[in-house]
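Just below is one structure, and these are the notes that go with it.
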Amino acid sequence: MDSKIIALIVIAAIGIGAILFILPEDNNELTVIESEVVIEEPEVVIEEPEVVIEEPEVEEVVIEENGILSGEVEVTIANLKFAPSEITIKKGTTVLWKQVDRSIGGSGGAVNWHNIVEGPPGKRGDHVFKSKELSFNGGFSYKFNEIGEFEYYCEPHPFMIGKIIVIE
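Each residue of the sequence shown is one higher than the last, beginning at 301 in my numbering.
Here it is in structure tokens:
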């Protein structure tokens, strides 16, 4: 067993000697390498999209000396009335009804819309023009290409009546 201990001591001495030989002589000094880490943040460029708002082409309203209108004419729906309630226009004129009535609706089951129906109140059958239900800020337009007198009304409010007179 003594020979085994001596062999282990010799192997250990050779191992320690090899380690000391491989290591540098100044193994007590610590070398610090300074480095600067630069993180460049990318430049963020936000391009605002160009917003182009195209106004729809609207013909100007032309009022002749005799009060006849042409172009595009607006009739306002407010306070349970058409305003103006009667207009005279030239053939080919477009009438736009704009619903701005806040007096409708509410409690009691009242409807909160208007519409425009050609004819006297209660007319049955075909109508020259008839709009859908118009809520607040809704609109309806019709181009009058025929000469004549066109009465119109609001179905849920048949006391609301108007008239368009179309001339050459």
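Every residue, glycine too, gets a C-beta built ideally from N, C-alpha and C.
Only a predicted model underlies this, so the values are computations on that prediction, with no experimental measurement involved.
Note that the C-beta distance between glutamate 418 and valine 395 is not below 9 Å. The C-beta distance from phenylalanine 459 to tyrosine 442 rounds to 22 Å, too long to fall under 8 Å, and the pair is not in contact. Ranked by Cα distance from lysine 432, the options Gly448, Gly392, Lys398 are led by Lys398.
Taking C-beta separations shorter than 6 Å and ignoring five residues to either side along the sequence, the partners of glycine 462 in its chain run Phe382, Ser385, Tyr452, following chain order.
Nearest to threonine 393 by C-alpha distance, out of Val375, Gly317, Ser403, Gly438, is Val375. Across the structure, isoleucine 306 and glutamate 336 are spaced so that their CA atoms are roughly 53 Å apart.
Distance from isoleucine 464 to lysine 391 at the Cβ level is roughly 11 Å; contact not present, criterion being Cβ atoms closer than 8 Å. Rounded to whole angstroms, the Cβ separation of isoleucine 389 and isoleucine 404 is 27 Å, and the two are not in contact under 8 Å. With a 10 Å radius around the Cβ and a threshold of 16 neighbouring Cβ atoms, isoleucine 387 comes out buried. When secondary structure is reduced to three states using DSSP, lysine 443 falls in the strand class. DSSP places isoleucine 387 inside the beta strand (DSSP E), whose first and last residues are 386-390. Taking C-beta atoms as the reference points, isoleucine 416 and aspartate 401 fail to come closer than 9 Å. The Cβ neighbour count for leucine 434, taken over all protein chains shown within 10 Å, is at least 16; the residue is labelled buried.
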